[in-house]
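S.K.: What follows is a structure written as C-alpha cells; I'll ask about it next.
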Amino acid sequence: MTKRAVVVGINDYSVQGFGNLSGCVRDASSMYHTLIDAFGFDETQVYCYLDRQASSSRILQALNWILRCSEPGDVACLYYAGHGGLHPTSTPGAFYQTIIPHSGRFITDWDLWQAAAQLEPSVCNFTVILDSCHSGGMVDPTEATSDVRTIVNGQAFLAVLTEAMNTVIPFGVTAPDLATWSNNVHQVQAAPRATVCYTEAANREFTTSAKATLLAASRWDEYAGETSNHGFLTEAILQTVNSSNFTISHQDLHAALTPIVHEAAGHEQHPVLRGQANRMDGIFLEGFSDSR
0 MTKRAVVVGI NDYSVQGFGN LSGCVRDASS MYHTLIDAFG FDETQVYCYL DRQASSSRIL
60 QALNWILRCS EPGDVACLYY AGHGGLHPTS TPGAFYQTII PHSGRFITDW DLWQAAAQLE
120 PSVCNFTVIL DSCHSGGMVD PTEATSDVRT IVNGQAFLAV LTEAMNTVIP FGVTAPDLAT
180 WSNNVHQVQA APRATVCYTE AANREFTTSA KATLLAASRW DEYAGETSNH GFLTEAILQT
240 VNSSNFTISH QDLHAALTPI VHEAAGHEQH PVLRGQANRM DGIFLEGFSD SR
C-alpha cells in the first residue's frame, strides 16, 4: 500500500483579488508533516504547494498524478486550506462549490471527478479534507483585478444567486451526476461580507456514486474559523488523531472533532462528513477493502 497526497495552503490572494488569509500556510505545513510522520505517507509522493506555488494547473496536475498512480489498497489525500467559493454550471440555477487557488481558474468538483474517474476499478481511499469556508461565498463586491477572476461583479453575482440558485454541487465528493444534488438548497439569501447563505436539504450527505470521502470544516452557511495557531478543523484533527494513536474511523473522527470545532467557533461551525455511507466505518487515511 502506498499513501500519496496533495497539500495546499494559501494565505496570499493578491492575484485573485480576494482578502488575504493568515493561518492557511501554517495549517498546510502541519498537515504535511502529520501525513508523513504519523500516517505513513510516502514523503516522495506528498506534494505541498503554498501561496504562489498553488496555481490551479499545478494542483490539478499533482492530483491527477497521485490518482493515476493509485492501485487497490492505496490511499490518496487532498488537503486544502484557503478560500472557498461558488461557480455557475451550464445548468440554470446550479452551482459548483469551489476552492480558489493562488492563481488560475477556480477548481470544482467536476475537476476532481475527472481525476478520480481514473480510480475505476481500483479500490482506493481518496480523502478530501477542506479547512475552508464551505458557505457559498468569498465573492468580492468590487470589479475583478485580474483576468483570472471568473466573477466580474460580486454584487451582481449575489443577485443571481439569491434569485435563481436551487442546486449546489459540493466540492470533494466527486459524484458525477447532477441529479444527485438537484434542488438540494433553499432559503438562499445574501449575507454579510458579500457572501450568500443557504440551507441544505436534509439527508443528502451520502451517495453511492461518490468516489471520495469528504471532511469539510463547516456547513454550507458557515464560515471556517481559526485559532492563533490553526484553523479550527485542522487543530481538531491534530488533537483527535493524536489521542486515538492515529487509528480512528471516519465516523468516529467526525463525532470526536465536531464538539471541539463547535466550542472553538462559539457554536457557529459544524464539520461535515460526506461520501459513500458504507465507507464511513473505514479507518481514516487507511486503505479500503471494497469499491462501488
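Taking numbering that gives the first Met the number 0, I'd label the letters of the sequence shown as residues 0 to 291. Beta carbons: idealized from backbone N, C-alpha and C, even for Gly. Note that the structure is predicted; figures quoted are calculated from it, not measured.
Express the C-alpha separation of residue 69 and residue 61 in angstroms, rounding to a whole number.
M.R.: As a position in the sequence shown, residue 61 is number 62, starting the count at 1. As a position in the sequence shown, residue 69 is number 70, starting the count at 1. Their backbone Cα atoms lie some 13 Å apart in a straight line.
S.K.: Residues bridged to residue 230 by DSSP?
M.R.: The residue labelled residue 230 in the question sits at position 231 within the sequence shown. Beta-bridge pairing links residue 230 to 225.
S.K.: Counting Cβ pairs closer than 8 Å, one from the stretch 247-259 and one from the stretch 39-52, do we hit at least three?
M.R.: Too few Cβ pairs lie closer than 8 Å, so no.
S.K.: To the nearest angstrom, report how far apart residue 183 and residue 12 are at their CA atoms.
M.R.: As a position in the sequence shown, residue 183 is number 184, starting the count at 1. As a position in the sequence shown, residue 12 is number 13, starting the count at 1. So the alpha carbons of these two residues sit roughly 30 Å apart.
S.K.: Just the Cα atoms here: how many angstroms apart are residue 168 and residue 112?
M.R.: Residue 168 sits at position 169 when you count from the first residue of the sequence shown. Residue 112 sits at position 113 when you count from the first residue of the sequence shown. Whole-angstrom Cα-Cα distance: 12 Å.
S.K.: Go through the stretch 87-119 residue by residue and report every complete run of the alpha helix (DSSP H) that reaches 4 residues or more, in order.
M.R.: Fully enclosed alpha helix (DSSP H) runs of 4 or longer: 108-115.
S.K.: May I ask you to report which of helix, strand or coil DSSP gives residue 308?
M.R.: Outside the displayed range of the chain (0 to 291) lies residue 308, so it cannot be described from this structure.
S.K.: By DSSP's criteria, residue 79 is part of a beta bridge. Which residues make up the other side?
M.R.: Position 80 of the sequence shown, counted from the first residue, corresponds to residue 79. Its beta-bridge partners are 7, 129.
S.K.: Please work out which residues of its chain come closer than 8 Å, Cβ to Cβ, to residue 65, disregarding the five sequence neighbours upstream and downstream, and give them in chain order.
M.R.: In the sequence shown, counting from the first residue as 1, residue 65 sits at position 66. So the qualifying residues of the chain are 3, 4, 5, 44, 46, 75.
S.K.: For a quick check, are the C-beta atoms of residue 211 and residue 126 less than 8 Å apart?
M.R.: Taking the sequence shown and counting its residues from 1, one reaches residue 211 at position 212. Taking the sequence shown and counting its residues from 1, one reaches residue 126 at position 127. Cβ atoms of residue 211 and residue 126: closer than 8 Å.
S.K.: Between which residues of its own chain and residue 72 is the CB-CB distance below 6 Å, once the five residues before and five after are set aside?
M.R.: Looking up residue 72 in the sequence shown gives position 73. Excluding positions up to five away in sequence, the list reads 0, 286.
S.K.: Rounded to whole angstroms, what is the Cα-Cα separation between residue 8 and residue 110?
M.R.: The residue you call residue 8 lines up with position 9 of the sequence shown. The residue you call residue 110 lines up with position 111 of the sequence shown. Going from the Cα of residue 8 to the Cα of residue 110 covers about 19 Å.
S.K.: Using alpha carbons as the reference points, say which of 177, 185, 172 lies closest to residue 162.
M.R.: For the purposes of this step, residue 162 is identified with residue 163 of the sequence shown, where counting begins at 1. Nearest C-alpha to residue 162: 185.
S.K.: Whose CA, out of 116, 117, 234, 274, lies closest to the CA of residue 206?
M.R.: Counting from one through the sequence shown, the residue named residue 206 turns up at place 207. Residue 274 is the option with its Cα nearest to residue 206.
S.K.: With distances taken Cα to Cα, identify the nearest neighbour of residue 203 among 188, 195, 190, 174.
M.R.: Taking the first residue of the sequence shown as 1, we reach residue 203 at position 204. The candidate whose alpha carbon is nearest that of residue 203 is 174.
S.K.: Give me the Cβ distance between residue 170 and residue 129, rounded to the nearest whole Å; I'm assuming they're in contact under 8 Å.
M.R.: Residue numbering aside, residue 170 sits at position 171 when the sequence shown is read from its first letter. Residue numbering aside, residue 129 sits at position 130 when the sequence shown is read from its first letter. Sure, about 7 Å apart at Cβ, within 8 Å.
S.K.: Look at the alpha carbon of residue 215 and the alpha carbon of residue 116, and state the distance between them as a whole number of angstroms.
M.R.: In the sequence shown, counting from the first residue as 1, residue 215 sits at position 216. In the sequence shown, counting from the first residue as 1, residue 116 sits at position 117. Between residue 215 and residue 116, the C-alpha separation is close to 21 Å.
S.K.: Sorted by chain position, which residues of the same chain lie with C-beta nearer than 6 Å to residue 180's C-beta, five sequence neighbours on each side aside?
M.R.: Here the question's residue 180 lines up with position 181 in the sequence shown. The residues are 166, 168.
S.K.: Does the Cβ-Cβ distance between residue 101 and residue 14 come in under 8 Å?
M.R.: Mapped onto the sequence shown, residue 101 falls at position 102. Mapped onto the sequence shown, residue 14 falls at position 15. For residue 101 and residue 14, yes; Cβs fall inside 8 Å.
S.K.: Have a look at the DSSP bridge pairing and note the partners of residue 168.
M.R.: If you number the sequence shown from 1, residue 168 lands on position 169. Bridge partners of residue 168: 95.
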